[in-house]
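Residues in the sequence shown are numbered consecutively from 159, following our numbering. Beta carbons are placed, not taken as given, at the ideal position from N, Cα and C, and that holds for glycine.
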Amino acid sequence: MYSEKVMDHFTNPRNMGEIENPSGVGTVGNAKCGDIMRIYLDVDEAGVIRECKFKTFGCGAAVATSSMATELVKGKTIEEALKVTNQAVMEALDGLPPVKVHCSLLAEEAIHAALWDYAEKKGITIEGLKKPKNDIHEEEAEEEY
């Protein structure tokens with residue numbers, strides 16, 4: 159059973175779409191279930207995320223976690239955005255069923271992938287940012303849950 163917040167973010171997703179000339183783009187997926195999530199960032203000169211949008215191909219939970227993740231990082235500094243975890247996304251949505259935890263991991267990894275792309279474009283290192291994974295597996299989600 160999905161929470162009201164999950165249903166709201168699925169039926170009324172926030173920040174859906176693309177950013178033209180983004181500062182960073184991150185794409186991750188789950189080969190087993192077929193979900194693909196892409197997050198676009200527009201970062202200003204001070205390192206604050208002005209805009210964050212997403213495009214997701216997947217289930218309702220994947221859309222909802224993408225929507226919530228964009229809400230959580232918008233207006234944040236790069237360092238603050240890096241601290242947005244899958245746990246934070248799940249808590250903001252009032253939880254996810256155990257079989258859908260991997261969707262929140264996709265959201266976290268997509269943010270990290272977009273930050274990685276931003277750092278590479280700028281030629282900078284973001285403290286604590288690791289090279290993102292392209293494929294998130296259910297087993298990893300079960301370990302996190």
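Item, Value
"Identity of the residue in G182, R172 and M165 nearest I282 by Cα", "G182"
"DSSP three-state assignment for E229, whether helix, strand or coil", "helix"
"Strand pairing of F168, partner residues [DSSP]", "DSSP output for F168 lists no bridge partner at all."
"Presumed contact (8 angstroms Cβ cut-off) between I294 and E267, rounded CB distance", "6 angstroms"
"Pick from N173, W274, G192 and V201 that is closest to P180, judged by C-alpha positions", "V201"
"For E209, the first and last residue of its enclosing alpha helix (DSSP H)", "Where E209 is concerned, there is no enclosing alpha helix (DSSP H), although the beta strand (DSSP E) it sits in stretches over I207 to F215."
"The beta strand (DSSP E) enclosing M195, as first and last residue numbers", "I194 to V201"
"Cα-Cα separation between P256 and M248, rounded to whole angstroms", "11 angstroms"
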